[in-house]
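Have a look at the structure below, then the notes.
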Amino acid sequence: MVEHCPFKAGVLGSSPSRLNPPARFPGKRGDVPARLLDGAAIATAIKNELEAGLVSLKSQGVVPGLAAVLVGDNPASQIYVRSKVKTCEALGIYSERIELPATTSTSELKRLVDELNARDTIDGILVQLPLPPQIDAKTILLSIDPSKDVDGLHPMNAGKLLSGRPGLVPCTPAGILEILDRSAIAIRGARAVVVGRSDMVGKPVAILLLHRHATVTVCHSQTRDLPAVTREADILVAAMGRAAMLTRPFIKPGATVIDVGTNRLSRPEEVKLAFHDPTAALEKLASKGSVLIGDVQPEDVREVAGAFTPVPGGVGPLTIAMLMSNTVRAARLRRGMQ
Ligand code: GUN
Numbered sequence: 011m012v013e014h015c016p017f018k019a020g021v022l023g024s025s026p027s028r029l030n031p032p033a034r035f036p037g038k039r040g041d042v043p044a045r046l047l048d049g050a051a052i053a054t055a056i057k058n059e060l061e062a063g064l065v066s067l068k069s070q071g072v073v074p075g076l077a078a079v080l081v082g083d084n085p086a087s088q089i090y091v092r093s094k095v096k097t098c099e100a101l102g103i104y105s106e107r108i109e110l111p112a113t114t115s116t117s118e119l120k121r122l123v124d125e126l127n128a129r130d131t132i133d134g135i136l137v138q139l140p141l142p143p144q145i146d147a148k149t150i151l152l153s154i155d156p157s158k159d160v161d162g163l164h165p166m167n168a169g170k171l172l173s174g175r176p177g178l179v180p181c182t183p184a185g186i187l188e189i190l191d192r193s194a195i196a197i198r199g200a201r202a203v204v205v206g207r208s209d210m211v212g213k214p215v216a217i218l219l220l221h222r223h224a225t226v227t228v229c230h231s232q233t234r235d236l237p238a239v240t241r242e243a244d245i246l247v248a249a250m251g252r253a254a255m256l257t258r259p260f261i262k263p264g265a266t267v268i269d270v271g272t273n274r275l276s277r278p279e280e281v282k283l284a285f286h287d288p289t290a291a292l293e294k295l296a297s298k299g300s301v302l303i304g305d306v307q308p309e310d311v312r313e314v315a316g317a318f319t320p321v322p323g324g325v326g327p328l329t330i331a332m333l334m335s336n337t338v339r340a341a342r343l344r345r346g347m348q
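The opening position of the sequence shown corresponds to residue 11 in this note's numbering, with each subsequent residue numbered one higher.
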């Protein structure tokens with residue numbers, strides 16, 4: 011199964027060019043491998059830096075607290091929430107995992123958020139998305155106290171981001187900027203193309219890159235001649251939730267490619283279409299039952315890009331590290347500490 015496919019005309023199974031790229035897209039030099047941007051290592055560095063701050067907070071009697079709310083039994087969401095709570099435990103951040111049934115109503119969930127807003131031991135509230143269809147996600151996000159909005163999705167924090175004021179910034183976009191900065195990728199003056207316009211990733215990362223003086227284009231499912239636009243990108247952010255959609259013709263040779271996609275393939279036909287050489291992935295499928303792939307074709311990006319984030323091990327670990335960072339930040343800000 012391919013999770014969440016907003017793009018109607020996908021690449022999987024639809025384009026012969028992805029298997030036999032035309033000669034006019036020669037790629038980079040075959041002998042210079044693209045630099046792998048190790049998100050796991052960067053996330054570890056960030057978490058290590060947070061630990062020092064947490065020790066100092068503890069000495070002042072402050073233990074930051076995160077409430078992670080999961081509604082329903084979406085398996086991917088269960089894994090994400092478990093991983094967030096586990097990371098809190100490893101760092102000494104107080105955490106609560108709150109699980110509600112899939113039948114929960116908007117008003118029931120809002121009551122829980124109101125209660126968490128009022129609890130002083132809770133500095134951050136994360137309501138894992140997506141929510142079941144009967145719940146109005148916008149109402150819920152609006153009900154979270156902006157000072158505890160560690161996802162940065164409340165309109166108050168979105169407005170602060172847009173207008174360049176300090177606030178809580180969505181975790182994945184903040185993590186992408188950390189990857190670029192800590193890998194010494196120049197942003198100022200770069201042509202950046204973001205594919206995907208979600209409130210959680212596409213829009214905020216475009217704003218962050220704009221604030222850092224990139225020339226930013228946001229593409230989406232209605233963009234005409236997408237490869238012509240993405241091939242302009244010095245920094246290409248793929249965040250559309252479409253397995254291996256960005257292939258060789260979409261990538262400028264030498265570009266930095268940030269792959270936000272986490273698509274789970276569970277059928278051999280999907281794996282064969284997504285990978286040029288599917289041997290290892292098919293073995294993984296047989297042993298694990300599914301294979302994770304990003305929005306960028308993994309073999310092409312290695313050959314064409316200058317630097318790239320792998321899936322898994324690229325952007326994913328940063329999302330959790332930045333959630334920890336936002337929780338610590340919220341704990342400080344709520345107490346008037348710097
Ligand atoms: N679902 C997938 N990623 C996220 C995230 O960063 N925050 C929330 N709340 N839900 C998600």
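All C-beta atoms in this analysis are idealised placements derived from N, C-alpha and C, irrespective of residue type, glycine included.
To the nearest whole angstrom, what separates the beta carbons of residue i and residue j, a pair I think is in contact under 8 Å?
{"i": "I154", "j": "V123", "result": "6 Å"}
{"i": "A249", "j": "G199", "result": "Rounded, the Cβ-Cβ distance is 22 Å, inconsistent with contact."}
{"i": "E59", "j": "L101", "result": "About 11 Å separates the two Cβ atoms, so there is no contact after all."}
{"i": "V321", "j": "A44", "result": "Incorrect: roughly 14 Å between the Cβ atoms, too far for contact."}
{"i": "C229", "j": "V203", "result": "6 Å"}
{"i": "V160", "j": "I135", "result": "7 Å"}
{"i": "L187", "j": "L218", "result": "5 Å"}
{"i": "V239", "j": "T227", "result": "6 Å"}
{"i": "L292", "j": "P278", "result": "6 Å"}
{"i": "L328", "j": "A53", "result": "5 Å"}
{"i": "D133", "j": "A341", "result": "4 Å"}
{"i": "R241", "j": "F260", "result": "7 Å"}
{"i": "A254", "j": "I303", "result": "6 Å"}
{"i": "I150", "j": "L119", "result": "6 Å"}
{"i": "R107", "j": "V81", "result": "Rounded, the Cβ-Cβ distance is 12 Å, inconsistent with contact."}
Where do the N-terminal and C-terminal ends of the beta strand (DSSP E) with residue i fall, by residue?
{"i": "N273", "result": "273-275"}
{"i": "A248", "result": "245-248"}
{"i": "T227", "result": "225-229"}
{"i": "G134", "result": "134-137"}
{"i": "T266", "result": "266-269"}
Classify residue i as buried or exposed, calling it buried when 16 or more other Cβ atoms lie within 10 Å of its own Cβ.
{"i": "I330", "result": "buried"}
{"i": "S401", "result": "Outside the modelled stretch of the chain, which goes from 11 to 348, sits residue 401, for which no answer is possible."}
{"i": "D130", "result": "exposed"}
{"i": "A112", "result": "exposed"}
{"i": "D305", "result": "buried"}
{"i": "D191", "result": "exposed"}
{"i": "S117", "result": "exposed"}
{"i": "S208", "result": "buried"}
{"i": "T114", "result": "buried"}
{"i": "I89", "result": "exposed"}
{"i": "D244", "result": "buried"}
{"i": "K158", "result": "buried"}
{"i": "S335", "result": "buried"}
{"i": "K148", "result": "exposed"}
{"i": "N30", "result": "Residue placement at N30 cannot be trusted, given a pLDDT of 44 that sits under 50; what the coordinates show is reported in the next sentence. Exposed, since its Cβ has fewer than 16 Cβ neighbours within 10 Å."}
{"i": "R175", "result": "exposed"}
{"i": "A33", "result": "Confidence at A33 is low in this model, with a pLDDT of 45, below 50, so the placement of that residue should be treated as unreliable; the coordinate-derived value is given next. Flag for A33 reads exposed."}
{"i": "K262", "result": "buried"}
First and last residue of the alpha helix (DSSP H) that includes residue i?
{"i": "V160", "result": "Careful: V160 lies outside any alpha helix (DSSP H) and carries neither H nor E."}
{"i": "T54", "result": "49-69"}
{"i": "R92", "result": "85-101"}
{"i": "I195", "result": "Segment: none, I195 is in no alpha helix (DSSP H) and carries neither H nor E."}
{"i": "M347", "result": "Looking at the DSSP string, M347 is not in any alpha helix (DSSP H), and its letter there is neither H nor E."}
{"i": "L178", "result": "L178 -> no alpha helix (DSSP H), and no H or E assigned at all."}
{"i": "V239", "result": "236-240"}
{"i": "I349", "result": "This structure cannot speak to residue 349, because the chain is shown only from 11 to 348."}
{"i": "V123", "result": "116-128"}
{"i": "A147", "result": "147-153"}
Verify the contact flag: residue i, CB atom, against every heavy atom of ligand 2, threshold strictly below 8 Å.
{"i": "T182", "result": "What this structure holds is ligand 1, not ligand 2."}
Just list the residues that DSSP pairs residue i with in beta bridges.
{"i": "E106", "result": "A77"}
{"i": "L302", "result": "R274"}
{"i": "R201", "result": "T225"}
{"i": "R45", "result": "A317"}
{"i": "M218", "result": "Note that residue 218 is Leu in the sequence shown here, rather than Met. None; L218 has no bridge partner."}
{"i": "L256", "result": "V306"}
What separation, rounded to the nearest whole angstrom, lies between the Cα atoms of residue i and residue j?
{"i": "I56", "j": "G323", "result": "15 Å"}
{"i": "K298", "j": "M210", "result": "29 Å"}
{"i": "V270", "j": "G326", "result": "7 Å"}
{"i": "K68", "j": "D287", "result": "51 Å"}
{"i": "L333", "j": "H164", "result": "15 Å"}
{"i": "A284", "j": "P183", "result": "26 Å"}
{"i": "I268", "j": "F318", "result": "6 Å"}
{"i": "L177", "j": "R201", "result": "First, the residue type needs correcting, since residue 177 is Gly and not Leu in the sequence shown. Cα-Cα distance, rounded: 26 Å."}
{"i": "L343", "j": "H223", "result": "27 Å"}
{"i": "V205", "j": "L46", "result": "20 Å"}
{"i": "R274", "j": "T337", "result": "29 Å"}
{"i": "L246", "j": "Q70", "result": "43 Å"}
{"i": "E99", "j": "Q232", "result": "43 Å"}
{"i": "N84", "j": "I103", "result": "25 Å"}
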